[in-house]
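Asker: Residue numbers (full-length UniProt numbering): 1 to 301.
After the structure tokens below, expect a handful of questions from me.
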């Protein structure tokens with residue numbers, strides 16, 4: 001048994017069942033345009049929308065779909081059942097059950113599938129991207145089912161959809177954030193922001209470094225030297241590896257802390273200097289001045 005295989009709630013029926021033109025119209029509301037004719041088209045699905053956030057699942061019997069996402073942000077397609085062949089934006093690949101595609105938007109793909117096919121899509125818009133401090137690769141990335149967090153993200157996303165949660169409810173921000181946290185892990189796995197020519201051992205070192213930074217970023221005592229010690233490499237080797245990312249280890253740790261602070265700031269309608277000091281402390285900064293400077297630097301970037 002694989003991890004999380006025994007953590008699957010009893011499935012519930014999708015809330016939406018449509019056929020023909022009505023089914024095509026519903027698919028088009030989140031950028032899926034099935035090929036004509038629509039007479040035999042059938043779909044079942046659920047969807048929840050919020051500002052710069054969309055979560056949807058769909059089971060359909062369309063052989064081919066043009067999928068276009070116009071907003072700036074990132075999108076994830078997770079295969080729930082069946083296979084999904086994807087072409088566009090520099091890739092031509094086939095995803096199996098529980099495989100995942102991660103890509104920047106805007107983007108357009110042609111999707112072809114065995115029938116029936118079921119997928120989950122998550123879209124996160126530009127205003128919410130600051131939490132993904134690891135960066136998002138320009139080329140679409142595929143994360144296979146062997147990566148346990150893709151399966152956890154799929155199960156979690158379906159569970160949220162089956163709750164038929166109201167995005168205006170008090171519990172929704174926490175639910176959305178839990179999904180975004182898993183999205184962040186899958187985005188990081190899809191590919192670190194390094195050139196394709198980066199040596200494989202350097203990519204591995206950078207990936208492990210990002211994992212440690214994600215775990216330790218809120219610890220103010222965590223430094224680039226601490227990171228080198230965690231990875232059992234010299235400080236020089238660590239700094240050389242990070243030249244492939246375009247940032248130094250110090251800048252990367254600072255960016256991770258800034259992302260944590262932005263998430264906390266986003267929950268507040270107002271923020272006093274005292275509040276900023278509290279947020280600075282919980283996100284790993286030593287003072288509100290240091291956090292304020294980091295926020296200004298990130299805006300300039």
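The beta carbon of each residue, even a glycine, is placed where N, CA and C say it ideally should be.
Enumerate in chain order the residues of its own chain whose CB-to-CB distance from residue 190 is below 6 Å, with the five nearest sequence positions on each side excluded.
Answerer: Residue numbering aside, residue 190 sits at position 190 when the chain shown is read from its first letter. These residues qualify, in order along the chain: 102, 141, 143.
Asker: Okay, do the segment 29-47 and the segment 59-69 touch, 3+ Cβ pairs below 8 Å being the bar?
Answerer: Touching, per the Cβ criterion.
Asker: What do you reckon, are the CB atoms on residue 183 and residue 153 nearer than 8 Å?
Answerer: Your numbering for residue 183 matches position 183 in the chain shown. Your numbering for residue 153 matches position 153 in the chain shown. Yes, Cβ-Cβ distance for residue 183 and residue 153 is below 8 Å.
Asker: Under the DSSP definition of a beta bridge, which residues are partnered with residue 42?
Answerer: The sequence position of residue 42 within the chain shown is 42, counting from 1. Answer is 19, bridged to residue 42.
Asker: Pick out the complete beta strand (DSSP E) segments inside the segment 135-213, 3 residues or longer, and give them in chain order.
Answerer: Taking only runs of at least 3 residues, the beta strand (DSSP E) segments lying wholly in the segment 135-213 are 141-143.
Asker: Is residue 249 buried or exposed, if buried means 16 or more other CB atoms sit within 10 Å of its CB?
Answerer: As a first step, residue 249 is located in the chain shown; it is residue number 249 there, counting from the start. Answer is buried; the Cβ neighbour count reaches 16.
Asker: Figure out for me which residue from 214, 115, 251, 77 has the closest Cα to the Cα of residue 124.
Answerer: Working through the chain shown from its first residue, we reach residue 124 at position 124. For residue 124, the nearest C-alpha among the options comes from 77.
Asker: Using the Cβ count rule (16 or more neighbours within 10 Å means buried), how would you classify residue 99?
Answerer: Residue numbering aside, residue 99 sits at position 99 when the chain shown is read from its first letter. Counting Cβ neighbours within 10 Å, residue 99 comes out buried, since at least 16 surround it.
Asker: Could you check which residue in 97, 74, 82, 111 has the C-alpha nearest to that of residue 91?
Answerer: Residue mapping note: residue 91 aligns to position 91 of the chain shown, counting from 1. Among 97, 74, 82, 111, the Cα nearest to that of residue 91 belongs to 111.
Asker: Going by the DSSP bridge assignment, what does residue 56 pair with across the sheet?
Answerer: By 1-based counting over the chain shown, the position of residue 56 is 56. 47, 121.
Asker: Does DSSP put residue 115 in a helix, in a strand, or in coil?
Answerer: By 1-based counting over the chain shown, the position of residue 115 is 115. Coil at residue 115, not helix or strand.
Asker: In this structure, does DSSP put residue 93 in helix, strand or coil?
Answerer: By 1-based counting over the chain shown, the position of residue 93 is 93. Here residue 93 sits in strand by DSSP.
Asker: Below 8 Å on the Cβ atoms is my guess for residue 71 versus residue 106; work out the distance and round it to an integer in Å.
Answerer: Taking the first residue of the chain shown as position 1, residue 71 is located at position 71. Taking the first residue of the chain shown as position 1, residue 106 is located at position 106. 7 Å between Cβ atoms; contact.
Asker: For residue 264, which residues in the same chain have their Cβ closer than 6 Å to its Cβ, ignoring the five residues on either side in sequence?
Answerer: Here the question's residue 264 lines up with position 264 in the chain shown. Contacts found: 279.
Asker: For residue 85, which beta-bridge partners are listed by DSSP?
Answerer: On the chain shown, residue 85 is found 85 positions in, with the first residue counted as 1. BP columns for residue 85 point to 94, 112.
Asker: For residue 104, which beta-bridge partners are listed by DSSP?
Answerer: Here residue 104 is taken as the residue at index 104 of the chain shown, counted from 1. DSSP output for residue 104 lists 74 as bridge partner(s).
Asker: Is DSSP giving residue 66 helix, strand or coil here?
Answerer: Taking the chain shown and counting its residues from 1, the one referred to as residue 66 is at position 66. Strand, per DSSP.
Asker: Please state the DSSP three-state secondary structure of residue 288.
Answerer: Your numbering for residue 288 matches position 288 in the chain shown. Reduced to three states, the DSSP call for residue 288 is helix.
Asker: Return the bridge partner residues of residue 34 from the DSSP annotation.
Answerer: For the purposes of this step, residue 34 is identified with residue 34 of the chain shown, where counting begins at 1. Its beta-bridge partners are 65.
Asker: Going by the beta-carbon positions, is the gap between residue 227 and residue 185 smaller than 8 Å?
Answerer: Taking the chain shown and counting its residues from 1, the one referred to as residue 227 is at position 227. Taking the chain shown and counting its residues from 1, the one referred to as residue 185 is at position 185. No, the pair does not count as a contact, with Cβ atoms beyond the cut-off.
Asker: If we count the other Cβ atoms within 10 Å of its Cβ and call it buried at 16 or more, is residue 258 buried or exposed?
Answerer: Within the chain shown, residue 258 is the residue found at index 258, counting from 1. The residue in question, residue 258, is buried, as its Cβ has 16 or more Cβ neighbours within 10 Å.
Asker: Please classify residue 215: is it buried, with 16 or more other beta-carbons within 10 angstroms of its beta-carbon, or exposed?
Answerer: As a working mapping, residue 215 is identified with position 215 in the chain shown. Its Cβ having fewer than 16 others within 10 Å, residue 215 is exposed.
Asker: Tell me, which residues are paired with residue 79 by DSSP?
Answerer: Residue 79 sits at position 79 when you count from the first residue of the chain shown. 119.
Asker: Using the three-state DSSP reduction, which class does residue 272 fall into: helix, strand or coil?
Answerer: Sequence index remark: in the chain shown, residue 272 carries index 272 (1-based). If DSSP states are grouped into helix, strand and coil, residue 272 belongs with coil.
Asker: Starting from residue 127, follow the alpha helix (DSSP H) in both directions and report where the run begins and ends.
Answerer: In the chain shown, residue 127 corresponds to position 127, counting from 1. Here residue 127 belongs to no alpha helix (DSSP H), and DSSP marks it neither H nor E.
Asker: From which residue to which residue does the alpha helix (DSSP H) around residue 242 run?
Answerer: Here residue 242 corresponds to residue number 242 of the chain shown, with the count starting at 1. Counting along the chain, the alpha helix (DSSP H) containing residue 242 begins and ends at 235-242.
Asker: Quick one: grab the DSSP three-state call for residue 283.
Answerer: Counted from its first residue, the chain shown places residue 283 at position 283. Three-state result, residue 283: coil.
Asker: Please report how far the alpha carbon of residue 121 lies from the alpha carbon of residue 158, in whole angstroms.
Answerer: In the chain shown, residue 121 corresponds to position 121, counting from 1. In the chain shown, residue 158 corresponds to position 158, counting from 1. Their backbone Cα atoms lie some 10 Å apart in a straight line.
Asker: Could you tell me the distance, in whole angstroms, from the CA atom of residue 33 to the CA atom of residue 24?
Answerer: Here residue 33 refers to the residue found at position 33 when the chain shown is read from its first residue. Here residue 24 refers to the residue found at position 24 when the chain shown is read from its first residue. Computed Cα separation, rounded: 7 Å.
Asker: If you check the beta carbons only, do residue 175 and residue 187 fall under 8 Å apart?
Answerer: Here residue 175 refers to the residue found at position 175 when the chain shown is read from its first residue. Here residue 187 refers to the residue found at position 187 when the chain shown is read from its first residue. No, Cβ-Cβ distance for residue 175 and residue 187 is not below 8 Å.
Asker: Do residue 109 and residue 67 come within 8 Å of each other at the CB atom, strictly closer than that value?
Answerer: Your numbering for residue 67 matches position 67 in the chain shown. Your numbering for residue 109 matches position 109 in the chain shown. It is a contact, given that the beta carbons lie within the stated cut-off.
Asker: So for residue 232, helix, strand or coil by DSSP?
Answerer: Locating residue 232 in the chain shown gives position 232, counting from the first residue. Here residue 232 sits in coil by DSSP.
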